[in-house]
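Participant:
In this note's numbering, the protein residues as written are 102 to 233.
1) Quick one: grab the DSSP three-state call for residue 114.
2) Report yes if the C-beta distance between residue 105 and residue 117 is below 7 Å; otherwise report no.
3) Report all residues from its chain with a CB closer than 6 Å to the CB of residue 150; omit the five preceding and five following residues, and keep chain order.
4) Let me know the secondary structure DSSP gives residue 120 once reduced to three states.
5) Would you mind stating whether residue 229 and residue 214 have Cβ atoms separated by less than 7 Å?
6) Tell me which residue opens and which closes the alpha helix (DSSP H) that residue 141 is part of.
7) Are there 16 or more other CB atoms within 10 angstroms of the CB of residue 209, so buried, or fewer, so exposed?
8) CB-CB under 8 Å to residue 139, same chain, minus the five flanking residues each way: which ones, in chain order?
The following block contains the structure:
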């Protein structure tokens, strides 16, 4: 199977496009537009779709577990712990990591907000707007 077809199937699985196998045409979905505007990956969108569908509530930490890899989370945790303990050598690393976390979480929260707004889930949209 050609690479473009595999890509189309992946994007369709995460809800980012509608793929007509007979004609070979693609149509972007609202979720696809949101994910491209907020720079969300395929795995992130799969997680959001799964978490938001199964619970119909906003489990904030479940939504954020996917985008942050385990190794980068360990690195951020260790540098932030050393920062909090008073170590001066890694304070700039801690600051940079905290800026990264803040920017990433606000971008991903915006994506969640747009998704629940599109699905017309008023309570979740309200909770997202409060968190942002």
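We treat Cβ as the ideally placed atom computed from N, Cα and C, and that holds for glycine.
Facilitator: Result, derived from the coordinates:
1) helix
2) no
3) 116
4) strand
5) yes
6) Per DSSP, residue 141 belongs to no alpha helix (DSSP H) and is neither H nor E.
7) Under this definition residue 209 is a buried residue.
8) 208, 209, 211, 212 and 215
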